[in-house]
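Asker:
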Amino acid sequence: MPTIFDVARRAGVSKTTVSRVLNHPELVNEETKRRVRGIMEELSYTPSILAQGMRAQRTKSFGVVIPDFKNLYYAEFLEHVEIAARHHGYIAIICSTDIDPDREREYITKLIMRQVDGLIMCWYKSVTANRDFLVKLAKKLPVVIMDQPSQGLPVSSVYTDGFKGIGRLTKYFIENGHRKIAIIRSLKKYPVGNSRYEGYAAALQKQGLDIDEALVVESEWTAEGAFEATGRLLAGAEPTAIIAVTDLMALGVLKYLKDNGYDVPGEIAIAGFDDISVSSLVSPRITTVAQPVDRMAWEAAQQLIRRIENRHVRNRDIELENRLIIRESTKQPVEDEVTG
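Sequential numbering from 2 applies to the sequence shown in this note's numbering.
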């Protein structure tokens, strides 16, 4: 098993420098960080606590790694995770990666050095970027990933099916007479967003409709990104409905349409995914595919703590149901209409 001394020798730096790369990367220049991390990868080096399996008694703490704080979905998720942790006598330590796989590895390393008992990881992308690292990690520490199935990794997962949810939403639009249904999808590098786009494409094809590339626009997972993407979409197409793959993005779509004088839903209907609380507070209230964020957080914490306290408990993929909630951004209901 390679040691910190092996990494230092191969990289031509001191043990102290390697330690700084692990624990205080802001103190190390970029070239040295790249070289040291490259050697760590080459040697399959992991921090000593993880590599040696040296664990103190349980700390009754676990890490929660999220992509960012911009999406209110994660604020709501973290609230419920903290409630579940407290219920079981644990504390949750939160880290935000800003969707950066390198930063993610740095935070995971720091959490391990602080002897957390397990990890919950919310991923847009780096389930693929840090796959090998995750496999090694999960052999020593219970891990639960959110938002997508485990994909053969030795972890548990809690998620709803975005393919089904967006497919159901697309079918709803078609049944209500829409034929020019646009989608503002996430960038293709994000597997979670890809499955939602694929649900849209499959629903169109099932109803005998072709995919019009002019109605498909990519955006980052932000309201600002979706605002800009809506401008690009409307410069080249005339949709009667726009699907955004998150509610946060749907808010950006709504702002663009209102700023530019469009009637919602009279001229263009819009819908999102997640059912964050603000979606029912804006005007018009946003139709959405609702994820049961409270149950997802509870299940994630429960599954993690079960494995912390009994490592013989098997990993599980836990799929929860999402629901289509119809609000004023697609029609004028007397009250919210909920479909399965």
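Where a beta carbon is used, it is the ideal one built from N, C-alpha and C, also for glycine. Predicted model, so just to flag it, every value in this text is computed and none were measured.
When the Cα atoms are used, what is the spatial distance from residue 114 to residue 60?
Answerer: Reading the sequence shown from its first residue, position 113 is the one you call residue 114. Reading the sequence shown from its first residue, position 59 is the one you call residue 60. Rounded to the nearest angstrom, the two C-alpha atoms are 12 Å apart.
Asker: Classify residue 70 as buried or exposed, calling it buried when 16 or more other Cβ atoms lie within 10 Å of its own Cβ.
Answerer: For this step, residue 70 is matched to residue 69 along the sequence shown. Classification for residue 70: exposed.
Asker: If you reduce the DSSP assignment to three classes, tell me which class residue 265 lands in.
Answerer: Counting from 1 along the sequence shown, the entry for residue 265 is found at position 264. In the structure shown, residue 265 sits in coil (DSSP, three-state: anything other than H, G, I, E or B).
Asker: Measure from the alpha carbon of residue 66 to the alpha carbon of each residue in 146, 39, 155, then state which is nearest.
Answerer: Counting from one through the sequence shown, the residue named residue 66 turns up at place 65. For the residues 146, 39, 155, the minimum Cα distance to residue 66 belongs to 146.
Asker: First and last residue of the beta strand (DSSP E) that includes residue 272?
Answerer: As a position in the sequence shown, residue 272 is number 271, starting the count at 1. The continuous beta strand (DSSP E) containing residue 272 extends over residues 270 to 275.
Asker: Could you name the residues of the same chain whose beta carbon sits closer than 6 Å to that of residue 97, not counting the 5 residues immediately before and after it, in chain order?
Answerer: Walking along the sequence shown from the start, residue 97 turns up at place 96. A distance below 6 Å between beta-carbons, with the five flanking residues on each side excluded, links residue 97 to the following residues of its chain, in chain order: 67, 69, 70.
Asker: Distance, Cα to Cα, residue 221 vs residue 74?
Answerer: Your numbering for residue 221 matches position 220 in the sequence shown. Your numbering for residue 74 matches position 73 in the sequence shown. Using only the alpha carbons, I get a separation of about 15 Å.
Asker: Compute the Euclidean distance between the alpha carbons of residue 55 and residue 142, then round it to the nearest angstrom.
Answerer: Within the sequence shown, the letter at position 54 stands for residue 55. Within the sequence shown, the letter at position 141 stands for residue 142. Any reading at residue 55 needs caution, since the residue's pLDDT is 47, under 50, leaving its predicted position unreliable; the model's value is listed next. When rounded, the distance between both Cα atoms is 11 Å.
Asker: Specify the secondary structure class of residue 37 as computed by DSSP and reduced to three states.
Answerer: Here the question's residue 37 lines up with position 36 in the sequence shown. It is helical.
Asker: Taking contact to mean at least 3 C-beta pairs separated by less than 8 Å, is the stretch 212 to 230 in contact with the stretch 245 to 254?
Answerer: yes
Asker: Mind checking who residue 244 pairs with in its DSSP beta bridge?
Answerer: Position 243 of the sequence shown holds residue 244. Residue 244 is bridged to 184, 272.
Asker: Can you tell me which residues form a DSSP beta bridge with residue 6?
Answerer: As a first step, residue 6 is located in the sequence shown; it is residue number 5 there, counting from the start. Beta-bridge pairing links residue 6 to no other residue.
Asker: Hey, could you find the ends of the beta strand (DSSP E) residue 220 is sitting in?
Answerer: Taking the sequence shown and counting its residues from 1, one reaches residue 220 at position 219. Run containing residue 220: 217 to 220, per the beta strand (DSSP E) assignment.
Asker: Just curious, the alpha helix (DSSP H) that residue 113 is in, first and last residue?
Answerer: Reading the sequence shown from its first residue, position 112 is the one you call residue 113. That run of the alpha helix (DSSP H) goes 102 to 114.
Asker: Taking just the CA atoms, how far does residue 214 sit from residue 95?
Answerer: For this step, residue 95 is matched to residue 94 along the sequence shown. For this step, residue 214 is matched to residue 213 along the sequence shown. When rounded, the distance between both Cα atoms is 39 Å.
Asker: Under 6 Å Cβ to Cβ from residue 318, same chain only, skipping five residues before and after it: list those, please.
Answerer: As a working mapping, residue 318 is identified with position 317 in the sequence shown. If the five residues before and after residue 318 are omitted, its C-beta is found closer than 6 Å to the C-beta atoms of 150, 151, 158, all from its own chain and listed in chain order.
Asker: Measuring CB to CB, does residue 12 end up less than 8 Å from residue 36?
Answerer: Reading the sequence shown from its first residue, position 11 is the one you call residue 12. Reading the sequence shown from its first residue, position 35 is the one you call residue 36. The answer is yes: Cβ separation under 8 Å.
Asker: With residue 160 as the anchor, note down where its beta strand (DSSP E) starts and where it stops.
Answerer: Taking the sequence shown and counting its residues from 1, the one referred to as residue 160 is at position 159. 157 to 161 is the span of the beta strand (DSSP E), which, as asked, contains residue 160.
Asker: In whole angstroms, what is the alpha-carbon distance linking residue 52 and residue 30?
Answerer: Here residue 52 is taken as the residue at index 51 of the sequence shown, counted from 1. Here residue 30 is taken as the residue at index 29 of the sequence shown, counted from 1. Any reading at residue 52 must be qualified, since the residue scores a pLDDT of 49, below 50, and its modelled position is unreliable; the value itself is stated next. For residue 52 and residue 30, the distance between alpha carbons rounds to 26 Å.
Asker: Identify the continuous beta strand (DSSP E) that holds residue 321 and give its terminal residues.
Answerer: Counting from 1 along the sequence shown, the entry for residue 321 is found at position 320. It spans 318 to 321 - the beta strand (DSSP E) in which residue 321 sits, taken as one unbroken run.
Asker: Once DSSP output is grouped into helix, strand and coil, what is the label at residue 70?
Answerer: Start at 1 with the first residue of the sequence shown, and residue 70 comes out as number 69. Here residue 70 sits in coil by DSSP.
Asker: Alpha carbon to alpha carbon, what distance is there between residue 262 and residue 326?
Answerer: Locating residue 326 in the sequence shown gives position 325, where the first residue counts as 1. Locating residue 262 in the sequence shown gives position 261, where the first residue counts as 1. Roughly 25 Å between the two C-alpha positions.
Asker: If the criterion is Cβ atoms closer than 8 Å, does the pair residue 163 and residue 63 meet it?
Answerer: What you label residue 163 is simply residue 162 of the sequence shown in a count that begins at 1. What you label residue 63 is simply residue 62 of the sequence shown in a count that begins at 1. Against a cut-off of 8 Å, the Cβ pair of residue 63 and residue 163 comes out as no contact.
Asker: Quick one: any contact between the stretch 189 to 202 and the stretch 39 to 47, if contact means 3 or more CB pairs under 8 Å?
Answerer: no
Asker: Taking contact to mean at least 3 C-beta pairs separated by less than 8 Å, is the stretch 103 to 120 in contact with the stretch 274 to 290?
Answerer: no
Asker: Going straight from the alpha carbon of residue 109 to that of residue 277, what length do you get?
Answerer: On the sequence shown, position 108 is the one that residue 109 refers to. On the sequence shown, position 276 is the one that residue 277 refers to. Going from the Cα of residue 109 to the Cα of residue 277 covers about 27 Å.
Asker: Looking only at C-alpha atoms, which of 329, 16, 227, 231 sits nearest to residue 270?
Answerer: One-based indexing of the sequence shown puts residue 270 at position 269. For the residues 329, 16, 227, 231, the minimum Cα distance to residue 270 belongs to 329.
Asker: Do the CB positions of residue 240 and residue 255 come within less than 8 Å of each other?
Answerer: Translated into positions along the sequence shown, residue 240 becomes position 239. Translated into positions along the sequence shown, residue 255 becomes position 254. No.
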